[in-house]
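*Asks:* Taken in sequence, the protein lines are chains A, B and C. Numbering-wise (our numbering), the first sequence opens with residue 515 and increments by one. Numbering-wise (our numbering), the second sequence opens with residue 432 and increments by one. Numbering-wise (our numbering), the third sequence opens with residue 10 and increments by one.
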Amino acid sequence: MRTSLGLNDSLAGQYGRFLVDAVHGDLGNSIRQSTSSLALVLQRLPAALQLAFISFAVGFVLAIVLAVAGELSTRPRVRTAMLSIATVRQAIPPYLFGILLILVFSVWAGLLPALGMNSALSFVLPVATVSTFEIALYLRLFNASFAESRRSDYVRTALAKGVPHSRVVIRHQLPNALLPIITVAGINLGVLVGGLVVIEMVFNWPGLGRLIIEGVTQRDYPIVQAGVVVIAVVFIVINFIVDLLYAVLDPRVRLA
Amino acid sequence: MLAIVAVLVLVVPFLPGFDTDTQDLGDNLLAPLQNPAHLLGTDALGRDILSRLSVAVRVSLLVAFGAVLISALVGTSVGLTAGYFRGRIDTVLMSIGDIQLAIPVVLLLIVLVATLGSRPLLLVVLLGLTDWVGYGRVVRSMVVSLREQEFVQAARSAGASGFWVIRKHLLPNVLSQVVILAAFEIGVVVTIESSLSFIGLGIQPPTPSLGLMINEGQRYLQSNPSLVFVPALAIFLVIGGIQFLSQNVGVRRSRSTT
Amino acid sequence: MIGVGNVVELRGVTKKFPVRSAPFRKAEPFTAVSDATFSLPRGKTVAVVGESGSGKSTTARMVLKLEDPTRGQVVFDGVDLATLDRRELFEFRRRVQPVFQNPYGSLDARYTVGRSIAEPLQLHRIGTRATQDARVNELLDQVALPTALASRLPHELSGGQRQRVAIARALALSPELVVLDEAVSALDVIVQAQILELLAELQAELGLSYLFISHDLAVVRMISHEVHVMQHGRIVESGTPDTIFDQPQQEYTRALLAAIPGSEIAR
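And the structure:
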């Protein structure tokens, strides 16, 4: 047993072998299931990515819509109310919000499935849980950016020239807000893929995070290793894409 | 909101019938307000929820305060060092921060707790060490602009060492921002700690904790939703109270300075 | 020693700053000061004028040893600043003091006026608490401020008062050289004149030497014994204020002269 796991080698030797194998795509076998841990992890990857990307997209788009609507509204109350709701939402940890949604929509109303990933309907509650958190986050960011550009000279110039308010917001304030927020969003999206661990536990979602926690509780470390490596790779890929996106969106950055 | 929390933590332990551990399997799963001996009802093992809640909030806050203290200390030191000395040490420290920011905190903590264990004190340290980057960045950016200010240049010209400038000028000038951030971060740390406890990797039973109470209550969602509601409300009061407080302080400050 | 020779000499001083560049592109360092040579006789005022970005403030910072020259030497009282060890540098910092442009940034907003002025004394461990307080009052008196101001915070003071505090602070260690970096530029004309007058009085009284950095030739004419005009990091013209004013040799100097408000009318 010890020999087959290579435990007789020195620590440095074990780590060196891990690196060599990792580069070749071999992250070791799961101790419990004696299949390749990388295969186990990759099998879970789609579910994790789907949940993260859909929640992010829904949250990001709705945040933009709400922020623009708030900016266009003539009553400042609207903005204040939206921000207060965002604060309330952020004061509820995601896992707790998920349980409350399950309570209301599955247990009481019996409308939506609470656990597992079986149909399109299964997505509703987890996505609602995560995306509301994302909305609150990005609404806050967009709102802060708008509040700053609202008093800027270029906005006042445009308004003084007679450009309609909606056009100023959508053509000037929004693009200027978008650039820095996309950088933040890139990092956040990467973090989200691995950060949904607890949500996956609540909804019994067959994602990466749950696999890693199972790996931890069953002391099946090759799984944990493979999971962390895969999440790191996903993170790097996402940030690379964001950098490319940045080059497309920002007129000041042009790829040579 | 924080007043309710204060009553819960400070007054409840002195009420008659305060008892977190006595099990009463005959009187288990009592709903709130049914038995004057158990105002908020009892859990699956018949333990008094009000008492457990009081202790759980206290534990959560203690862990959060401790962790925030550590992270504020580490982050502020890093920010002052990086911002004042710039150069290579700045690049190194901030790169470490960027990398840490890119790792999901909960995931990182899960792996750390799994390898190192989850004794309460260790948990405080781990939470503290994974949450310093925010302070580091804020302090660094303030220091970068402060150090170019003429009163810093004047102090240096009068022979002040880096240590003198940092201690006498930079630290006092960033401190109020650090305090505001720390107030906000208490809510964040409570969230993270309760998430960890929820998946069984945070505070270990029999010590009551909010996350664990919710996890246990989840099983009785259909029959006794109050088992989830009560700790949920407590978490909301703690985090929401802190958030509203720190936002109001922030707004008031920005109004008074402009 | 006093009154003899040069307090400061600059010998072929060049300062280059590395420029942060896009990746894969080679960074050309930016040359802020190029081959500057001039000297400052003891007890005199030498001015360096130029537009913003001409390198005059970098020159001032090198004389204060807040920056080190890339090439060349800054010589203070016969000693190259580059050769100072820790202790000598600390001593140097007692003998040379700055007054900066911005009356809002030159004082720590959290320090009372008295504490700001006393800070150099504390740094050099000069005197007890009581003698330091007495020295603060003496200094406030010297810059014609009421001693009651010692307990005030900077935001309660006017720009001119703040600049007087900055001067008092600079004088606390009885320096030989004061580097005035745009020290009156942020003030309105009347206050400017008052501060210049104060500087002249202090020079006569204490035998101070001034390195006076400004973009404003009108101000320079009022205070300096010798002027160096700087453009793109180079000294392009030197002379007494009168020769610079009456027979400017360089197109650049003429442009600076023309920029003085009212100069068109005067001509």
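Ideal Cβ positions, reconstructed from N, Cα and C, are used throughout, including at glycine.
(1) Might you give, ordered along the chain, the residues of its own chain that have their beta carbon closer than 6 Å to the beta carbon of Asn679/B, omitting 5 neighbours on each side?
(2) Assuming Phe660/B contacts Val712/A under a Cβ cut-off of 8 Å, what Cβ separation, rounded to an integer in Å, is found between them?
(3) Taking just the CA atoms, how far does Arg654/A sit from Phe749/A?
(4) Would a check of beta-carbon distances place Pro639/B closer than 8 Å to chain A?
(5) Of all the options Asn15/C, Gln110/C and Tyr261/C, which has the alpha carbon lying nearest to the alpha carbon of Gly87/C?
(6) If the criterion is Cβ atoms closer than 8 Å, does the pair Tyr760/A and Ile696/A meet it?
(7) Could one say the Cβ of Gln106/C lies closer than 8 Å to chain B's Cβ atoms, at least one of them?
(8) By Cβ distance below 8 Å, which residues in the same chain neighbour Ile204/C in space, the five residues on each side in sequence not counted?
(9) Under the three-state reduction of DSSP, which class applies to Lys25/C: helix, strand or coil?
(10) Considering just the uninterrupted stretch of the alpha helix (DSSP H) at Ser247/C, what are its terminal residues?
(11) Hey, is the stretch 435 to 445 of chain B in contact with the stretch 608 to 621 of chain B, meaning 3+ C-beta pairs nearer than 8 Å?
(12) Using a threshold of 8 Å, state whether the C-beta atoms of Val536/B and Thr561/B are closer than that.
(13) For the stretch 590 to 601 of chain B, which residues have a beta carbon sitting closer than 8 Å to at least one beta carbon of chain C?
(14) What does Pro603/B reach in chain C if we use C-beta pairs closer than 7 Å?
(15) Just to confirm, are Leu98/C and Ser588/B a CB contact at a threshold of 8 Å?
(16) Could you name the residues of the stretch 651 to 667 of chain B whose beta carbon sits closer than 9 Å to any beta carbon of chain A, in the order they occur along the chain?
(17) Buried or exposed: which applies to His237/C, given that a residue is buried once 16 or more other Cβ atoms fall within 10 Å of its Cβ?
(18) For Pro163/C, count neighbouring C-beta atoms within 10 Å of its own C-beta (all shown protein chains included) and say buried if the count is 16 or more, exposed if not.
(19) Looking at the C-beta of Ile435/B, does it have a partner C-beta in chain A at a distance below 8 Å?
(20) Mind pulling the beta strand (DSSP E) runs of 3 or more residues that sit fully within the stretch 600 to 673 of chain A?
(21) In angstroms, rounded to a whole number, what distance separates the CA positions of Asp190/C and Tyr219/C?
(22) Can you pull the chain A residues whose beta carbon is under 8 Å from the beta carbon of Ile541/B, in chain order?
(23) Would you grab the beta carbon distance between Val605/B and Val583/B for me? Rounded to a whole angstrom, and I think it's under 8 Å.
(24) Against chain B, with Cβ distances strictly below 8 Å, would Ile269/C count as a contact?
(25) Would you mind stating whether Gly59/C and Gln240/C have Cβ atoms separated by less than 8 Å?
(26) Regarding Phe582/B and the ligand HEM, is the C-beta to nearest heavy atom distance less than 7 Å?
(27) Would you mind reading off the limits of the beta strand (DSSP E) that contains Met239/C?
(28) Short of 7 Å Cβ to Cβ, which residues in the stretch 520 to 539 of chain B face chain A?
(29) Determine the contact status of Lys53/C and His234/C, defining contact as a CB-CB distance below 8 Å.
(30) Measuring straight from C-alpha to C-alpha, what distance separates Phe570/A and Glu648/A?
(31) Determine the direct distance from the alpha carbon of Leu49/C to that of Glu18/C, and round the result to whole angstroms.
(32) What is the rounded straight-line gap between the Cα of Gln531/B and the Cα of Tyr261/C?
(33) How is Ile673/B classed by DSSP in three states: helix, strand or coil?
(34) Along chain A, which residues have their Cβ under 8 Å away from the Cβ of Gln678/B?
(35) When you compare each of Val716/A, Gly584/A and Met596/A to Arg650/B by their alpha carbons, which one comes out closest?
(36) Answer with yes or no whether the minimum CB distance from Glu128/C to chain B is below 8 Å.
*Replies:* This is what the structure holds:
(1) none
(2) Incorrect: roughly 19 Å between the Cβ atoms, too far for contact.
(3) 24 Å
(4) no
(5) Asn15/C
(6) yes
(7) yes
(8) Gly169, Gln172, Arg173, Ile176, Ala192, Val193 and Leu196
(9) Assigned with DSSP and collapsed to three states, Lys25/C falls in strand.
(10) From DSSP, Ser247/C is part of no alpha helix (DSSP H) but of the beta strand (DSSP E) over Arg243 to Gly248.
(11) no
(12) yes
(13) Cβ contacts with chain C come from Gly590, Ala591, Trp595, Lys599 and His600.
(14) Arg119
(15) no
(16) Leu652, Gln653, Pro656, Val659, Phe660, Pro662, Ala663, Ile666 and Phe667
(17) buried
(18) buried
(19) no
(20) none
(21) 10 Å
(22) Val711, Ile726, Ile727 and Val730
(23) Contact doesn't hold; Cβ gap of about 13 Å is too wide.
(24) No - not a single Cβ of chain B is within 8 Å of the one on Ile269/C.
(25) Yes, the pair counts as a contact, with Cβ atoms nearer than the cut-off.
(26) Within the structure as shown, the ligand HEM is missing, as the structure has no ligands at all.
(27) In the DSSP assignment, Met239/C falls within the beta strand (DSSP E) that extends over Glu235 to Gln240.
(28) Leu532, Ala533, Pro535, Val537 and Leu538
(29) yes
(30) 7 Å
(31) 6 Å
(32) 53 Å
(33) helix
(34) Residues of chain A passing the Cβ test: Thr601.
(35) Val716/A
(36) yes
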